[in-house]
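Novice:
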Amino acid sequence: MYNTVLHYFSFRGYFSGGKFANLSATIIFAPPRRGPSDKKIYMANTADISRGMILKLDGNLYSVVEFGENKTARAAAKVWAKLKGVDNSRTIEKTWNSGDTIYPVRVEKRAYQYLYQDETGYNFMDNTTFEQMSVAESLIDAPQFLKEGQEVAIAINTETELPVSVELPDKIVMLVTYTEPGLKGDTATRTLKPATVETGATVSVPLFVNEGELIRVNTKTGEYVERVKD
């Protein structure tokens, strides 16, 4: 059994009311060990798994989408996780014995602003250094809701300085560019209709929502949250 120590990483921004604020945080990892390639290896165990954590598994990087624990009276507890490939978006499931060693990748979340899309991918600008970066669509959690100037958090692998994921705020405001006319005064019905927002994405909205109005959308589920007053 190894002795754990604290290794610090920093978030150069996090979402608060649609804006970023400074934040520092810590994650507990095992002391770095040297592998055959002489690169640092950071270890933890299954008790440290969290959603969004980046793990190295069989030489590939995966993001933890979901995780849980299965306990039975006659067998040792098992920890399972649904993992999404960072490089190819392939989803797999992995099961460990409770307490097994896992290999997290150290990442730093940085505040970026979305600029535009071209043949190289989605282009973002670092809010601190103003350097630009092109990111593949597979690394973005909700690319259909990206609009020019949108602030995001990009997780950077501190060993390679390459992006591993792009996270939008949980909720964003979008302009409805097309929908069938609403029913005046009908604010109680739960009936929904399709609406196209400014990025071209389609969102199901209540009948009373009209073209030209602003709505708040949950980027994790793609669902309508509320109508936004000017």
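Heads up: the sequence shown at position 89 corresponds to 74 in the working numbering, and the numbers run straight through without jumps.
For each residue, glycine too, the CB sits at the ideal point set by N, CA and C.
1) If you drop the 5 nearest sequence neighbours on each side, which residues of the same chain put their C-beta closer than 7 Å to that of Pro166?
2) Under the assumption that Gln223 contacts Leu153 (Cβ atoms under 8 Å), give the Cβ distance between them as a whole number of angstroms.
3) Around the Cβ of Thr57, are there at least 16 other Cβ atoms within 10 angstroms (buried) or fewer (exposed)?
4) Nearest-angstrom Cα distance between Asp85 and Leu199?
5) Which partner residues of Lys179 appear in the DSSP bridge assignment?
6) Express the C-alpha separation of Ala127 and Thr204 in angstroms, rounding to a whole number.
7) Can you tell me whether Pro17 is helix, strand or coil according to DSSP?
8) Just to confirm my understanding: we take Leu160, look at its own chain, exclude 5 residues before and 5 after, and list those with CB closer than 7 Å. What are they?
9) Alpha carbon to alpha carbon, what distance is there between Tyr27 and Pro16?
10) Have a look at Glu104, Arg95, Val49 and Ser150 and flag the residue whose alpha-carbon is nearest the alpha-carbon of Arg36.
11) What are the uninterrupted segments assigned as beta strand (DSSP E) that are 3 or more residues long and contained completely in the stretch 75 to 149, given in chain order?
12) Between Met110 and Leu100, how many whole angstroms is the CB-CB distance? I'm expecting something under 8 Å.
13) Run the CB neighbour count on Val213, radius 10 Å, all protein chains shown included, and call it buried at 16 or more, exposed below.
14) Quick one: Cα of Val202 to Cα of Ala60, how far?
15) Between which two residues does the beta strand (DSSP E) holding Glu211 run?
16) Between the C-alpha atoms of Glu133 and Lys63, what's the straight-line distance to the nearest angstrom?
17) Would Val51 pass as a contact of Lys67 if the rule is Cβ separation under 8 Å?
Specialist: Looking at the coordinates:
1) By one-based count along the sequence shown, residue 166 stands at place 181. Within the same chain, Pro166 has close Cβ partners Asn195.
2) Nothing about residue 223 can be read from this structure; the chain reaches only from -14 to 215.
3) Here residue 57 refers to the residue found at position 72 when the sequence shown is read from its first residue. A residue is called buried once 16 or more other Cβ atoms fall within 10 Å of its Cβ, and Thr57, having fewer, is exposed.
4) Translated into the one-based positions of the sequence shown, residue 85 becomes position 100. Translated into the one-based positions of the sequence shown, residue 199 becomes position 214. Between the alpha carbons of Asp85 and Leu199 lies a gap of roughly 48 Å.
5) For the purposes of this step, residue 179 is taken as the residue at position 194 of the sequence shown. In the sequence under discussion, the amino acid at residue 179 is Pro, which differs from the Lys named in the question. Paired residues: Ser189.
6) If you number the sequence shown from 1, residue 204 lands on position 219. If you number the sequence shown from 1, residue 127 lands on position 142. Taking the straight line from one Cα to the other gives about 6 Å.
7) Along the sequence shown, read from residue 1 onward, the residue named residue 17 stands at position 32. Legend: pLDDT at Pro17 = 45, less than 50; position of this residue unreliable, value from coordinates given subsequently. Looking at Pro17 - three-state DSSP - the assignment turns out to be coil, as it is neither helix nor strand.
8) Here residue 160 refers to the residue found at position 175 when the sequence shown is read from its first residue. Excluding five sequence positions before and after Leu160, the CB atoms of its chain that fall closer than 7 Å to its own CB belong to Val182, Glu183 and Leu199, given in chain order.
9) Within the sequence shown, numbered from 1, the residue matching residue 16 stands at position 31. Within the sequence shown, numbered from 1, the residue matching residue 27 stands at position 42. Any reading at Pro16 needs caution, since the residue's pLDDT is 41, under 50, leaving its predicted position unreliable; the model's value is listed next. Straight through space, the alpha carbons of Tyr27 and Pro16 are spaced by roughly 7 Å.
10) Within the sequence shown, numbered from 1, the residue matching residue 36 stands at position 51. The option with the nearest alpha carbon to Arg36 is Val49.
11) Under the rule that a run must span 3 or more residues, the beta strand (DSSP E) segments found entirely inside the stretch 75 to 149 read 76 to 82, 92 to 103, 106 to 111, 117 to 120 and 136 to 142.
12) To locate residue 110, count along the sequence shown from 1; it is residue 125. To locate residue 100, count along the sequence shown from 1; it is residue 115. Confirmed, Cβ separation roughly 6 Å.
13) Residue mapping note: residue 213 aligns to position 228 of the sequence shown, counting from 1. Under this definition Val213 is an exposed residue.
14) Numbered from its first residue, the sequence shown carries residue 202 at position 217. Numbered from its first residue, the sequence shown carries residue 60 at position 75. Near 43 Å, if we compare the C-alpha coordinates of Ala60 and Val202.
15) Within the sequence shown, residue 211 is the residue found at index 226, counting from 1. DSSP places Glu211 inside the beta strand (DSSP E), whose first and last residues are Glu208 to Val213.
16) In the sequence shown, counting from the first residue as 1, residue 133 sits at position 148. In the sequence shown, counting from the first residue as 1, residue 63 sits at position 78. Distance between the alpha carbons of Glu133 and Lys63 is about 44 Å.
17) In the sequence shown, the residue the question calls residue 51 occupies position 66. In the sequence shown, the residue the question calls residue 67 occupies position 82. Going by the sequence as given, residue 51 is Glu instead of Val. In this structure, Glu51 places its C-beta atom within 8 Å of the C-beta atom of Lys67.
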